Every structure is written in structure tokens, then in C-alpha cells.
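Heads up: the sequence shown runs through residues -25 to -1, 1 to 253, numbered per mature numbering (1 follows the signal peptide of the UniProt record, and there is no 0).
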Amino acid sequence: MRYAVLGGGKRLRALLVLAAQQAVAAGRADEQPAWQEAALRSACAIELIHAYSLVHDDMPCMDNDVLRRGKPTVHVQFGQATALLAGDAMQALAFELLTPQAGDAVATPHGAAIAPAVQARLCALLARAAGPAGMAGGQAIDLAHVGKPMDQRQLQHMHELKTGALLQASVLMGAHCVPEAPAQALQALQRYGQALGLAFQVVDDVLDATADSSVLGKTAGKDAADNKPTYVSLLGVQAAQALARQLHAQAEAALDEAGLPDVAALRALAAWVVQRSH
């Protein structure tokens, strides 16, 4: 589990949680330590879910990859049975982190009690993003379409589930760490997360086709080798890059409409998503 979670990675999802919580809490006179505690737990939980998904996706029964974050994948390093169990355990641990019990000094070391309603909302957001209406459902569509054509609408739907749902949930979980967040802000952040999630995948497809494995930390060109539909195979590199820029503009526009006093960190993360090299 430590090998999978702590051995590298962008931590984008965790950063989105923290940036969204910061943006919604900015200027609130009633800010409480529990909000930050909830955000830190959410950041860790969503990274655990992401890491578990990578462990399972890399296994021979799915994407069958041997390189992840510049190292042998978990099933290569420890065996398939251990990889399967490690992924299962990380998924369970994510929800344990989101539900600390009141008065437990280990669970809440700073004494920052997280309201049960907040715990429930965070769990619901993460479960939906990781399940059949999100990441797992998107992966099922992906596996079912190997070697089969997809149009842009179908491809977008698949990636909104497989990749976008968890990135959008990162933003919304951060926002919901703050009680009574303005409806206008929540709606705008939902649009921001949706655009950013899809932009991330478009850039991922471009990098898979144009970058080297040593830079990516995973096997480059694997989607094409596996005959999987991508934005590059459908649109070409230049049109895919243009789409990423368009989605970035949509994310920026959503932040403009959020009505929040400080969205600088969210803007910086959106810019990084489309400018990254790995």
C-alpha cells in the first residue's frame, strides 16, 4: 500500500481538494479547524482511491501495464494477489479516513470534530465518483471498446466517468468541507471540475502519443498499441491540443462566475493541467 500511494505521483486530486476548501472558506469569519481537518482527510482519501484504481487498472486482467510512476507496477513488484488486496484495502481506508469518531484522539488529533452531515456528504461524493456512475463505470466502457470505434460524444462520456468524475469530486469535496457554501459557488465549481477533468484526459492522450516513457513515468504509446480510442486517434494531436485549451478556458470562466474572493490556487492548477509535460 505504501509503495502504491507514497511512491511518486502528481497529487493533483489532493491539491484540488485543498484549493477548493481554501477558496470557499476565504473571507468567512466563522472559519473552524474542522474545515481544514475535513479537507486534509478528503485529500488523503481521494488519493487512496486514485492509487487503488491505478493498482487494479495496471493488472493483467485490465490494462496489463508494467510501469507506473517510473517504477514496476504493484502486481509486478508484489504479485497479482497482493496487488488486488492492496487495492481493496486502500479503497476501504479512504472511507475510514472520512469518518473519524468523536473523541478518538488518534482519529482527530487536533480535536477538530467533523460534523456527521459533512462526513456523510464527503463519503457520498467520493463513492459516486468511484463507482458505476464514475470511475469504475468508465473503466468498464473503456474495456468494452478496445478495438471498436467511438465518436467524440461517446469518448467524452467515457472519460467524464473514468477520469473526470474523480477530479470533479476532488473540487466538490473540498467545497463541501465548508458548511453552507454558497449555491452559486458550488455550481460554478462543479462546472470547473467537469471542464478540468476532461482537459486532463485530453492532455493525457496527447502526452501518451508524443512523450517518452522516461518522462511520463508509465509506458508511452500504450493506448495506440492496445488499439484503444483516444482524443488523438479521433482528432489528431493539434486538434486535441486545441480542445484542451478550449476546456481550460471553460474552467477559467467557471471560476469567474463562482463569486469567490480567492481562486488563485484553482487557476494555477487549471493552468498546470494543460501545460504539464507528464
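Glycine is no exception: its CB is placed at the ideal position from the N, C-alpha and C atoms. The model shown is predicted, which means the values in this text are computed figures rather than measured ones.
C-alpha gap between residue i and residue j, whole angstroms
i, j, result
"residue 39", "residue 250", "28 Å"
"residue 75", "residue 237", "29 Å"
"residue 89", "residue 12", "7 Å"
"residue 102", "residue 17", "12 Å"
"residue 107", "residue 116", "10 Å"
"residue -5", "residue 19", "14 Å"
"residue 187", "residue 211", "18 Å"
"residue 127", "residue 209", "7 Å"
"residue 41", "residue 73", "31 Å"
"residue 213", "residue 2", "41 Å"
"residue 14", "residue 45", "29 Å"
"residue 31", "residue 4", "43 Å"
Sub-9 Å separation of residue i and residue j beta-carbons
i, j, result
"residue 175", "residue 93", "no"
"residue 184", "residue 196", "yes"
"residue 29", "residue 43", "yes"
"residue -3", "residue 240", "yes"
"residue 65", "residue 119", "no"
Reference residue i; option with closest CA among the options
i, options, result
"residue 60", "237, 91, 203 and -25", "-25"
"residue 151", "-17, -7 and 186", "-7"
"residue 55", "36, 227, 18 and 68", "36"
"residue -20", "49, 208 and 198", "49"
"residue 243", "223, -17, 134 and 235", "223"
"residue 245", "62, 235 and 168", "168"
"residue 6", "219, 217, 155 and 182", "155"
"residue 62", "180, 105 and 214", "105"
"residue 194", "218, 14, -10 and 47", "47"
"residue 148", "-17, 137, 96 and 111", "96"
Range of the contiguous alpha helix (DSSP H) that encloses residue i
i, result
"residue 36", "No alpha helix (DSSP H) holds residue 36; DSSP gives it neither H nor E."
"residue 55", "55 to 72"
"residue 155", "It is not in any alpha helix (DSSP H) - residue 155 carries neither H nor E in the DSSP assignment."
"residue 227", "212 to 231"
"residue 242", "239 to 250"
"residue 75", "Counting along the chain, residue 75 falls outside any alpha helix (DSSP H), and DSSP gives it neither H nor E."
Proximity test, Cβ basis, 9 Å: residue i and chain C
i, result
"residue 202", "Among the chains of the structure shown, chain C does not appear; only one protein chain is present."
Three Cβ pairs or more, each shorter than 8 Å: is that satisfied between the region 134 to 150 and the region 165 to 181?
yes
With three or more beta-carbon pairs closer than 8 Å as the criterion, would you say the region 219 to 231 touches the region 160 to 168?
yes
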